[in-house]
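Beneath this line is the structure, given in structure tokens, with notes to follow.
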Amino acid sequence: MPDLDGKVALVTGGTRGIGLATARALAEAGATVVLTGRDEAKAKEAAQAAGAAGGLALDVTDAKAVAALVRGVAKEHGKLDIVVANAGIMEDALLGMIREELVDTTLSTNVAGTIHTVQAAARAMMRKKTGAIVVLASIVGEYGSAGQTVYAASKAAVANIARSAAKELGRSGIRVNAVAPGVIETELTAGLSEDARASNIGSTPLGRLGTPEDVANAIKFLVSDDAAFITGQVLGIDGGLVL
Ligand code: NAI
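The sequence shown begins at 499 in our numbering and counts up by one.
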């Protein structure tokens, strides 16, 4: 089992779903975890539920706020070893229905938000020349999906944030990886029709949808010292859906 004793971790978008499961998994492995949510009260409540040390309000589209929060966490806990840039949104739209506002909000949350988080994490980790960052890509970003052009574009960008940052930060002892989940049962995918669920399960060799814990456990491995020679990877967590 990856042992995260003594590590300090930050998880963005940790109030529910994959972020909450990840915060809980890292805390259970011994890390001191701070999670963020857009709403402070929800973040504090989630932190308590996850056994995290703190819950703070953060909108990842606000670069200055991200920088200040990451600096603050590193200062309060003396260092920052692990950052999981999990916050993200998904809204489907067929090509003809894509509104400019959807493009703006999706790219500013999923792409710019991830860049702000990785940049702030790198700054905080650089002093100690060690750290592990994980960003949330998606199988949709790797393979595309009808009705998800905007989301797919954003998640393809996220995968390449991981690859580029890994190349840039490797010499500073900082590893950056992405996970690319398939269909995971969270509020993000709660709107899937019964037909779409059945069809996804039917196309998945492991015969089920994923759970937030499936993703959290993979992230827990990637941020641990067991993954010390792994960087710049995009790890599929999809039950074989893409095969
Ligand atoms: P969710 O909708 O349950 O949780 C998303 C979290 O991000 C929430 O805590 C939300 O408050 C937060 N968030 C959204 N916009 C934010 C902003 N501007 N600033 C700060 N926080 C913000 O989603 P879920 O399913 O847990 O997804 C987590 C990540 O995994 C997302 O990046 C998503 O795109 C990705 N993902 C999810 C998949 C799934 O099937 N559920 C599949 C592939 C990727």
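Note that beta-carbon positions come from the ideal geometry of N, C-alpha and C, so glycine has one too.
A Cβ-Cβ distance of about 5 Å is found for the pair K627 and S670, placing them in contact under the 8 Å criterion.
Only residues of its own chain outside the window of five on either side were considered, and among them I682, T684, E685, L686, P710 have a CB closer than 8 Å to the CB of G515, listed in chain order. A residue is called buried once 16 or more other Cβ atoms fall within 10 Å of its Cβ, and P679 is buried on that count. Burial check for Q546: the Cβ neighbour count within 10 Å stays below 16, so the residue is exposed. At a threshold of 7 Å, S636 counts as near ligand 1, since its beta carbon sits closer than that to one of the ligand's heavy atoms. Taking one beta carbon from each stretch, the stretch 577-585 and the stretch 609-627 have 3 or more pairs nearer than 8 Å; the two touch. Distances between the C-beta of D712 and the heavy atoms of ligand 1 are all 7 Å or more. DSSP, read as helix, strand or coil, puts G645 in coil. Under the DSSP definition of a beta bridge, V531 partners with A507. Looking only at G504, E599, D560, the smallest Cα-Cα distance to V648 is reached by E599. If you keep only unbroken beta strand (DSSP E) runs of at least 3 residues inside the stretch 592-639, you get 629-634.
Per DSSP, the beta-bridge partners of N675 are V632.
Each residue's CA atom was taken as its position, placing A655 and A523 some 26 Å apart. Taking a contact as a CB-CB distance under 8 Å, the pair T612 and R673 does not count as one, their CB atoms being some 16 Å apart.
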